[in-house]
Amino acid sequence: YGRIVEAFARHGVCATFSACGRAAERLPWLIADAAGRGHEISCHGWRWERHANMERALEAGVIARTHAAIARVAGVAPVGWHTRSAASPATRALLQAHGGFLYDSDAYDDDMPRIVPGTRHVILPYAFDTNDMRFSPGGGFVQAEDFTRYVAGAFDRLWAEGAEQARMLSVGLHLRI
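What follows is the structure in structure tokens.
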């Protein structure tokens with residue numbers, strides 16, 4: 068954690084930290100420190116569970132519990148959500164019904180942010196190709212330079228395309244990696 072937040076601080080960068088509600092309750096100093104440094108804390112489920120086949124009522128409870136825990140620990144209510152793996156068919160509607168979320172990052176289909184038609188809910192796509200989890204065996208990255216070159220190339224491409232139309236790049240970094 069220290070290396071990442073210090074690197075961000077050296078470059079004047081604030082990031083989004085996706086956190087599980089249970090982890091936030093167990094490590095409140097970590098969440099409070101990141102929020103205190105100006106980083107956004109978004110919700111990443113209660114226990115990093117899968118939502119794909121979760122019952123609607125249970126999922127609504129998980130969303131509410133996670134939101135409340137992070138708001139309590141961070142001192143500011145989270146506005147973003149990113150489900151582990153696949154969201155359920157109801158996830159986005161439940162986030163909107165909750166009322167505390169401005170966006171979710173549960174789309175893996177594009178690099179163009181967009182608004183859900185007829186709402187103010189923003190979809191911020193997430194990319195797995197620019198994610199450090201690809202350092203796991205068979206994931207494609209072996210050396211840090213592999214990841215750096217790939218992410219820099221993706222950035223350059225989307226920056227050029229961004230002159231004509233909105234683009235975004237998510238870069239997933241995991242403290243355990």
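The working numbering numbers the first residue of the sequence shown as 68 and each following residue consecutively. From the three backbone atoms N, C-alpha and C, an ideal C-beta is built for every residue, glycine too. Quick caveat, the model's predicted, so the values are computed rather than measured.
When the options are compared against residue i, the one with the closest alpha-carbon
i, options, result
"C81", "M235, G103, C110", "G103"
"F75", "A86, S85, H106", "H106"
"L125", "D100, A153, D176, L161", "L161"
"S155", "V140, V129, G167, V146", "V129"
Sheet register partners of residue i (DSSP bridge)
i, result
"D239", "Here residue 239 is Gly; the residue named in the question, Asp, does not match the sequence. Paired residues: N198."
"Y170", "G147, V189"
"R181", "I190"
Beta strand (DSSP E) segment containing residue i, residue limits
i, result
"T83", "83 to 86"
N- and C-terminal bounds of the alpha helix (DSSP H) containing residue i
i, result
"E231", "E231 -> no alpha helix (DSSP H), and no H or E assigned at all."
"A78", "Before going on, a small fix: residue 78 reads as His here, not Ala. Per DSSP, H78 belongs to no alpha helix (DSSP H) and is neither H nor E."
"D176", "Taken as a continuous stretch (DSSP letters only), D176 belongs to no alpha helix (DSSP H), as it is neither H nor E."
"Q163", "158 to 165"
"G185", "Note, G185: premise wrong, no alpha helix (DSSP H); not H, not E."
"G105", "G105 -> no alpha helix (DSSP H), and no H or E assigned at all."
Own chain partners of residue i with C-beta closer than 7 angstroms, once the 5 adjacent residues on each side are dropped
i, result
"T150", "G112, H118, T158, D173"
Residues near residue i by beta carbon distance below 6 angstroms, same chain, minus five either side
i, result
"I190", "A174, R181"
"R123", "A157"
"H188", "Q163"
"H165", "I130"
8 angstroms CB neighbourhood of residue i in its chain, flanking five on each side removed
i, result
"R132", "G88, W113"
Fully enclosed by the stretch 108 to 156, which alpha helix (DSSP H) runs are 4 residues long or longer?
Annotation: the stretch 108 to 156 contains the following complete segments of the alpha helix (DSSP H) (minimum length 4 residues), in chain order: 123 to 141.
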